[in-house]
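Novice: The structure follows.
Protein chains: 2
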Amino acid sequence: MTSDPAVTFAPLSRVAVLGGTHGNEMSGIFLTRHWLKNPSELKRSTFTVTPLLANQPAVDRCVRYIDRDLNRCFTPDILHLDSNEALPLEVRRAKELNCLLGPRGSEEGMHLIIDQHNTTANMGNCLLINNSTNHFCTHMVSYIQRTVEAYECRVLALELKDTNLFDVTSVARHDLGVELGPQSHGVVRAENVERMRKIVQTALDFVEMFNKGVEFPECELDIYRHVRNVDFPRDVDGEICAVIHPERQDRDWLPLRPGDPIFLTLAGRSIPFDGDRTVHPIFINESAYYEKRTAFSVTERVRVRLPPIRRDREGEGASQ
Amino acid sequence: MTSDPAVTFAPLSRVAVLGGTHGNEMSGIFLTRHWLKNPSELKRSTFTVTPLLANQPAVDRCVRYIDRDLNRCFTPDILHLDSNEALPLEVRRAKELNCLLGPRGSEEGMHLIIDQHNTTANMGNCLLINNSTNHFCTHMVSYIQRTVEAYECRVLALELKDTNLFDVTSVARHDLGVELGPQSHGVVRAENVERMRKIVQTALDFVEMFNKGVEFPECELDIYRHVRNVDFPRDVDGEICAVIHPERQDRDWLPLRPGDPIFLTLAGRSIPFDGDRTVHPIFINESAYYEKRTAFSVTERVRVRLPPIRRDREGEGASQ
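So the protein sequences, as listed, match chains A and B.
Residue numbers for the first sequence follow this note's numbering, beginning at 1 and rising by one.
Residue numbers for the second sequence follow this note's numbering, beginning at 321 and rising by one.
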């Protein structure tokens with residue numbers, strides 16, 4: 001029996017931990033404010049950690065965003081725009097953050113961005129990565145899953161091509177989004193602060209171990225791959241005319257089969273899921289997605305094999 | 321044994337059912353939109369029912385308010401202001417609604433306003449009245465409590481003098497606020513829509529029975545009287561430095577004793593309740609109250625005796 005050769009990565013020197021990318025998602029905002037005053041628990045010996053509030057004007061007003069969703073602004077089109085005072089606030093901020101934390105694709109930027117989010121959906125502890133082909137990221141989430149066993153963590157992979165990247169973490173070489181739910185936007189719940197804190201700490205511990213030369217062996221990981229978003233049923237005026245079915249509410253991640261009830265009208269009529277195969281819905285009834293015409297997102301669950309990873313050894317050549 | 325003489329009230333001719341007084345509290349908004357298109361289930365034989373979205377601009381943007389909290393604008397000062405285009409949107413709207421639904425204190429306005437709200441706090445089914453001295457209202461909430469037994473309903477009385485009234489229901493002769501939680505603002509949850517619908521229907525049934533001459537006998541009612549609001553602990557910069565203690569989160573209405581843990585700092589220090597007697601906290605961790613510097617509200621529970629009530633009989637004299 002032969003095992004795959006290890007995939008190697010350069011050690012990480014700079015990590016940013018972001019809160020307030022959405023200005024009303026309070027676990028990360030509360031922790032980031034704390035870390036800006038008391039950064040001691042972020043300190044590690046092999047790399048620097050920079051806490052940052054990503055959208056201060058939105059945080060100050062406790063709204064998701066001022067002009068548009070910041071975390072959809074890190075697209076190639078926007079990042080290549082010429083700066084201009086007339087641009088929407090978050091477009092300008094995305095360009096600033098790309099300079100501050102990147103620029104994307106460069107060597108001098110952050111090696112990892114950890115971005116802290118909350119959702120009104122019953123998502124539990126969701127670890128979000130842009131691509132399951134980045135095995136530094138897959139091993140990091142696998143390590144978090146194994147280490148914070150008290151909280152079940154699930155892994156969501158957006159599987160985005162470079163030209164389709166859109167979120168702030170994509171500015172760095174490696175990325176981790178943490179989505180904790182359910183939590184009302186604008187509210188701090190103590191137990192979610194602790195969950196977030198533990199997950200961020202564990203991610204930093206992983207980087208420290210990796211930098212120090214710990215090798216992470218081949219293993220398997222269940223990931224949920226984003227497939228598509230599904231809107232609410234709407235009437236002829238475009239208004240929502242059915243809500244998430246009570247049998248589906250709060251059942252994020254669990255299998256949804258063709259024909260299962262998914263929506264309910266005010267007349268009491270159930271509307272079945274019209275997909276052609278079993279899927280795993282997530283972000284069920286996330287308040288911020290109503291305006292995006294998304295009642296839930298569909299994922300498929302796949303088991304992937306992670307090759308072993310280790311740090312580049314000096315003089316050994318190019319890293320991924 | 322003698323019983324109190326019945327308190328009499330004039331029959332009710334006009335009832336308004338409001339949604340969207342706060343533009344992101346979705347149970348009432350969703351139902352009100354439905355009733356505006358299909359009012360059949362609001363129809364009763366002895367009075368008219370008018371469904372109304374109270375703050376359409378805020379509903380359109382799915383925010384609590386545009387300029388300021390509409391449901392704090394029905395104060396004597398504001399209602400007596402001269403109209404003026406430069407006034408904040410909700411101040412103008414409050415004056416409009418006072419004309420449309422009142423004016424307060426007049427004979428020609430609404431005889432009852434039912435106002436539908438949601439809260440992120442674990443308030444369950446809260447029936448809110450401005451004064452426990454209005455025994456039409458106390459009997460209405462008592463009837464709802466007994467009738468929708470499947471949902472435990474608690475009664476909150478603000479106990480406001482006329483000069484301190486501030487909310488939209490106070491424009492009418494009688495008032496009922498319905499506060500359902502927990503629900504994230506901006507989200508419609510099917511089971512909360514059904515709870516709200518059942519409570520509003522039961523209130524309308526009560527009015528119908530009353531109008532038809534049903535007498536409601538003397539009874540007892542437990543009410544929670546609003547005493548004061550309590551802010552979060554804050555640091556020297558005015559920032560919140562401790563959150564609701566996990567042992568208190570979601571325990572609205574339940575007794576809070578002096579010394580019980582109420583807040584928790586990020587350093588893990590519990591902060592005890594410093595009150596001088598047992599109280600019943602409500603609106604624990606309501607997102608909209610952070611800006612009002614309210615972590616929770618304190619109430620005291622009292623049992624009150626309701627005198628019997630009945631409709632005025634013709635020629636019998638003045639009604640309350």
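Quick reminder that beta carbons are idealized off the backbone N, C-alpha and C, glycines included.
Closest to Phe552 (chain B) by CA distance: which of A:Phe216, A:Val188, A:Arg225 and A:Glu194 is it?
Specialist: The option with the nearest alpha carbon to Phe552 (chain B) is A:Val188.
Novice: Identify the contact partners of Gln569 (chain B) in chain A, using a Cβ-Cβ distance below 9 Å as the criterion.
Specialist: In chain order: Arg189, Ala190 and Glu191.
Novice: Buried or exposed, going by whether 16 or more other CB atoms sit within 10 Å of the CB of Asn484 (chain B)?
Specialist: With fewer than 16 Cβ atoms within 10 Å of its Cβ, Asn484 (chain B) is classed as exposed.
Novice: Whole angstroms are fine: how far does the CA of Ala16 (chain A) sit from the CA of His135 (chain A)?
Specialist: Roughly 19 Å between the two C-alpha positions.
Novice: Does any residue of chain A have a CB that is nearer than 9 Å to the CB of His342 (chain B)?
Specialist: Answer no: the Cβ-Cβ gap between His342 (chain B) and chain A never drops below 9 Å.
Novice: Restricting to runs no shorter than 4 residues, where is the alpha helix (DSSP H) found entirely within the region 79 to 109 of chain A?
Specialist: Counting whole runs of 4 or more residues, the region 79 to 109 of chain A contains the alpha helix (DSSP H) stretches 89 to 101.
Novice: Would you report the Cα separation of Met1 (chain A) and Asp222 (chain A), rounded to the nearest angstrom?
Specialist: Below a pLDDT of 50, predicted positions are generally treated as unreliable, and Met1 (chain A), at 47, falls in that range; the measurement from the model is reported next regardless. So the alpha carbons of these two residues sit roughly 23 Å apart.
Novice: Based on DSSP bridge pairs, tell me the residues matched to Ile386 (chain B).
Specialist: According to DSSP, which records beta bridges pairwise, Ile386 (chain B) is partnered with nothing at all.
Novice: What is the C-beta distance between Leu447 (chain B) and Cys473 (chain B), in whole angstroms, given that I count them as a contact (C-beta under 8 Å)?
Specialist: With 8 Å as the limit, Leu447 (chain B) and Cys473 (chain B) qualify as a contact, their Cβ atoms being about 5 Å apart.
Novice: Consult DSSP for Gly348 (chain B) and reduce its assignment to one of helix, strand or coil.
Specialist: The answer is helix: DSSP assigns Gly348 (chain B) an H, G or I state.
Novice: Would you say Ser83 (chain A) and Arg92 (chain A) are within 9 Å of each other, going by their C-beta atoms?
Specialist: Their beta carbons are under 9 Å apart, which means Ser83 (chain A) touches Arg92 (chain A) by this criterion.
Novice: What residues from the region 428 to 447 of chain B come within 7 Å of chain A, judged by C-beta to C-beta, listed N to C?
Specialist: The region 428 to 447 of chain B vs chain A, Cβ under 7 Å: Thr440.
Novice: What residues of chain A sit near Ile564 (chain B), judged by a beta carbon separation below 7 Å?
Specialist: Simply Ala190.
Novice: Check whether the Cβ atoms of Asn211 (chain A) and Arg277 (chain A) lie closer than 9 Å to each other.
Specialist: Not a contact, by the Cβ cut-off of 9 Å.
Novice: Keeping to the same chain, check which residues put their C-beta closer than 6 Å to that of Thr294 (chain A); ignore five residues upstream and five downstream.
Specialist: Closer than 6 Å at the Cβ level, and outside the excluded window around Thr294 (chain A), lie Asn229.
Novice: Around the Cβ of Asp326 (chain A), are there at least 16 other Cβ atoms within 10 angstroms (buried) or fewer (exposed)?
Specialist: Coverage of chain A is limited to positions 1 through 320, which leaves residue 326 (chain A) absent and any answer about it impossible.
Novice: Would you report the Cα separation of Ala288 (chain A) and Glu416 (chain B), rounded to the nearest angstrom?
Specialist: One C-alpha to the other measures close to 31 Å.
Novice: Do the CB positions of Phe74 (chain A) and Ala58 (chain A) come within less than 9 Å of each other?
Specialist: Taking 9 Å as the Cβ cut-off, Phe74 (chain A) and Ala58 (chain A) do not qualify as a contacting pair.
Novice: Could you confirm whether any beta carbon from chain B is found closer than 9 Å to the beta carbon of Phe296 (chain A)?
Specialist: No, Phe296 (chain A) does not count as interfacial toward chain B.
Novice: With distances taken between CB atoms, is the gap from Thr169 (chain A) to Ile113 (chain A) smaller than 9 Å?
Specialist: Against a cut-off of 9 Å, the Cβ pair of Ile113 (chain A) and Thr169 (chain A) comes out as a contact.
Novice: Pair every Cβ in the region 556 to 570 of chain B with every Cβ in the region 190 to 201 of chain A, then say whether three or more of these pairs are closer than 8 Å.
Specialist: Short answer: they touch.
Novice: Counting only beta-carbon separations shorter than 9 Å, does Ala54 (chain A) have a partner in chain B?
Specialist: No, Ala54 (chain A) lies away from the interface with chain B (no Cβ there is under 9 Å from its Cβ).
Novice: Looking only at its own chain, which residues have a Cβ that is under 6 Å from the Cβ of Met110 (chain A), when we skip the five neighbours before and after it?
Specialist: Answer for Met110 (chain A): Arg14, Ala16, Leu101 and Ala172, listed in chain order.
Novice: I want to see whether chain A comes within less than 9 Å of Cys382 (chain B), judged by CB atoms only; does it?
Specialist: By this cut-off, Cys382 (chain B) is an interface position.
Novice: Interface residues of chain B around Arg33 (chain A) at Cβ under 8 Å?
Specialist: The answer, in chain order, is Glu559.
Novice: Just by C-beta distance, which residues in the region 278 to 309 of chain A are closer than 9 Å to chain B?
Specialist: Listed by position, the residues of the region 278 to 309 of chain A near chain B (Cβ gap below 9 Å) are Asn285, Glu286, Ser287, Ala288, Tyr290 and Glu291.
Novice: Gln503 (chain B) and Ser347 (chain B) look like a contact to me (Cβ under 8 Å); what is the Cβ gap, rounded to whole Å?
Specialist: Confirmed, Cβ separation roughly 7 Å.
Novice: Among the candidates A:Arg251, A:Leu52 and A:Thr265, whose CA atom is the shortest distance from the CA of Glu239 (chain A)?
Specialist: That would be A:Thr265, whose Cα lies nearest to the Cα of Glu239 (chain A).
Novice: Hey, could you find the ends of the alpha helix (DSSP H) Tyr463 (chain B) is sitting in?
Specialist: It spans His455 to Thr467 - the alpha helix (DSSP H) in which Tyr463 (chain B) sits, taken as one unbroken run.
Novice: Quick check on the DSSP output: what are the complete beta strand (DSSP E) runs of length 3 or more inside the region 244 to 313 of chain A, in order along the chain?
Specialist: Taking only runs of at least 3 residues, the beta strand (DSSP E) segments lying wholly in the region 244 to 313 of chain A are 261 to 265, 270 to 272, 280 to 282, 296 to 306 and 309 to 311.
Novice: Since Leu89 (chain A) meets chain B, which of its residues come closer than 9 Å, beta carbon to beta carbon?
Specialist: Those within 9 Å of Leu89 (chain A) in chain B number zero; the least Cβ separation is about 17 Å.
Novice: Ordered along the chain, which non-local residues of its own chain (more than five positions away) have a Cβ less than 7 Å from that of Arg104 (chain A)?
Specialist: Correct list, in chain order: Leu79, Asn98, Ser170 and Val171.
Novice: Give a yes or no on whether 9 Å exceeds the smallest Cβ distance from Gly348 (chain B) to chain A.
Specialist: False, the Cβ-Cβ gap to chain A never drops below 9 Å.
Novice: Excluding five sequence neighbours on each side, which residues of the same chain lie with their C-beta closer than 7 Å to the C-beta of Arg515 (chain B)?
Specialist: Excluding sequence neighbours, Arg515 (chain B) sits near Asn445, Tyr471 and Leu500.
Novice: Excluding the five sequence neighbours on either side, which residues of its own chain have a C-beta within less than 8 Å of the C-beta of Pro627 (chain B), listed in chain order?
Specialist: Same-chain partners within the cutoff: Asp324, Pro325, Ala326, Val327, His455 and Glu538.
Novice: Measure how close the beta-carbons of Phe583 (chain B) and Ala562 (chain B) come, nearest whole angstrom, since I'm counting them as under 8 Å.
Specialist: Yes, Phe583 (chain B) and Ala562 (chain B) are in contact; Cβ-Cβ is about 4 Å, under 8 Å.
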